[in-house]
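*Asks:*
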Amino acid sequence: MARKKDTISKKNSKFIVLAFALIGFIIGITLGVNFVSILLITIMLFLLMMYVRTSDNYGEYNIGIIQ
0 MARKKDTISK KNSKFIVLAF ALIGFIIGIT LGVNFVSILL ITIMLFLLMM YVRTSDNYGE
60 YNIGIIQ
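Residue numbers (numbering that gives the first Met the number 0): 0 to 66.
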């Protein structure tokens, strides 16, 4: 029987999105780059987060009795 595990990313998804946006903004400011580069860094972090969450969603089903 397959069962779905609870993950931290599902419970706190808004906080994770905010954290990634803040990290991208801080990286951009500390590098001293212009606003467009800060936006690109933040977008890349969002895409990375979406990739990680997608692979997480497909990998959170336990099939059988293996836990």
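A virtual CB, placed ideally from N, CA and C, is assigned to each residue, including glycine.
Which residues in the same chain have their Cβ closer than 7 Å to the Cβ of isoleucine 40, if we skip the five residues on either side of it in sequence?
*Replies:* What you label residue 40 is simply residue 41 of the sequence shown in a count that begins at 1. Same-chain partners within the cutoff: Gly23, Ile26 and Gly27.
*Asks:* Is the Cβ-Cβ distance between leucine 44 and phenylalanine 19 less than 7 Å?
*Replies:* By 1-based counting over the sequence shown, the position of residue 44 is 45. By 1-based counting over the sequence shown, the position of residue 19 is 20. It is a contact, given that the beta carbons lie within the stated cut-off.
*Asks:* At the level of alpha carbons, what is the spacing between isoleucine 15 and threonine 29?
*Replies:* As a working mapping, residue 15 is identified with position 16 in the sequence shown. As a working mapping, residue 29 is identified with position 30 in the sequence shown. Straight-line Cα distance between these residues: approximately 21 Å.
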